Structure formats: structure tokens, C-alpha cells
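Numbering (our numbering), first residue to last: 675 to 828.
Set out below in C-alpha cells:
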């Protein structure tokens with residue numbers, strides 16, 4: 675009996691932790707609906723319902739290389755804004771994205787980022803309210819919208 679138990683422990687069949695769930699990479703339907711509602715309320719005027727932006731004025735979100743950035747980076751843009759010139763998919767835009775830190779709560783920022791990445795980008799790690807809060811705290815001294823250079827982009 676001792677040898678059987680020892681063998682089972684050795685194989686990891688007994689005493690092993692339950693399998694760890696893989697981190698979610700796609701928001702659930704409710705989160706997407708919340709994110710879409712935030713998008714339609716705060717983003718649609720500039721980025722348009724189809725995510726294509728307004729040519730020569732506001733950059734597209736659809737297929738944007740910026741959406742491949744990490745969640746903290748994107749959270750800072752939503753929270754503190756962005757002012758041009760910025761280059762998106764090889765096209766330069768010179769406009770201003772208003773900061774939304776005073777308008778959106780952390781869960782709303784997470785939801786809209788997840789909606790935008792899922793709908794217009796290639797997906798990516800899920801944004802969480804905790805990541806957004808950390809970005810909010812880290813960027814608290816940013817009084818003007820970021821420039822691309824401040825964010826290490828062109």
C-alpha cells in the first residue's frame with residue numbers, strides 16, 4: 675500500500691493542487707455589453723461606430739497597432755488623454771483625445787478597453803479594474819494629455 679501511495683504522489687495524482695484556470699483572454703458577453711455602452715457614450719463621436727475614426731482627424735481603433743500595447747499603457751491614454759501628433763498604422767494625426775479620468779470609473783475603463791480590443795483589435799490580455807487603478811495612480815501627476823513621445827511612441 676505504501677508503494678502505491680508513494681507512486682501516486684510521485685505522479686502528482688494525489689496531493690496535487692487543483693488545476694489552475696487559464697487567465698481569461700476574452701471578456702464575457704456581459705462585460706462586452708458594458709464596454710460597448712461606455713464606447714457609445716464616450717468614444718463614438720471621434721472613433722465612430724465602426725471604429726474607423728475620422729480620416730485625417732481622429733485615428734482608427736480598427737486594426738490599430740496601438741491596441742497591441744499593454745493594458746497599463748492603454749489605460750493611461752484613456753484616463754489622461756492623448757495629444758498629437760500621433761502615428762497610427764503609418765498615418766499621422768494631430769488632434770486631442772480628452773482625458774476621461776474624471777468621467778469613467780476603473781471598471782468602466784477596463785470594460786471599454788476589453789470591448790475595443792475584442793471588437794477592433796486582435797484581443798489581448800484582459801483589462802481589470804485593478805490594472806486600471808494602478809495606471810490611474812501611476813499617472814496621477816499627468817496634468818495634460820500625454821504626447822506620443824511621453825509614451826515612447828511616434
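We treat Cβ as the ideally placed atom computed from N, Cα and C, and that holds for glycine.
All of these numbers come straight from a predicted model, not from anything done at the bench.
Option in the options with minimal Cα separation from residue i
i: residue 823; options: 774, 730, 798 and 747; result: 747
i: residue 775; options: 720, 815, 728 and 800; result: 815
i: residue 810; options: 800, 753 and 828; result: 753
i: residue 783; options: 794, 800 and 769; result: 800
i: residue 777; options: 708, 716, 710 and 703; result: 716
i: residue 819; options: 795, 757 and 723; result: 757
i: residue 745; options: 787, 707, 796 and 817; result: 787
i: residue 699; options: 738, 795, 768 and 714; result: 795
i: residue 817; options: 738, 713, 755 and 707; result: 755
Whole-angstrom distance between residue j and residue i, CA atom to CA atom
i: residue 733; j: residue 762; result: 7 angstroms
i: residue 750; j: residue 798; result: 17 angstroms
i: residue 730; j: residue 790; result: 21 angstroms
i: residue 740; j: residue 826; result: 12 angstroms
i: residue 719; j: residue 821; result: 21 angstroms
i: residue 709; j: residue 701; result: 10 angstroms
i: residue 808; j: residue 802; result: 10 angstroms
i: residue 722; j: residue 737; result: 14 angstroms
i: residue 713; j: residue 742; result: 18 angstroms
i: residue 828; j: residue 764; result: 10 angstroms
i: residue 806; j: residue 813; result: 10 angstroms
i: residue 703; j: residue 804; result: 20 angstroms
i: residue 768; j: residue 707; result: 31 angstroms
i: residue 695; j: residue 711; result: Low local confidence applies: a pLDDT of 38 at residue 695 is under 50, so the model's placement there is unreliable, and no value is given.
Distance CB(residue i)-CB(residue j) smaller than 8 angstroms
i: residue 785; j: residue 705; result: yes
i: residue 792; j: residue 725; result: no
i: residue 773; j: residue 766; result: no
CB contact below 8 angstroms: residue i versus chain D
i: residue 795; result: Chain labels in this structure do not include chain D; a single protein chain is all it has.
Cβ neighbour criterion (16 or more within 10 Å) applied to residue i
i: residue 727; result: buried
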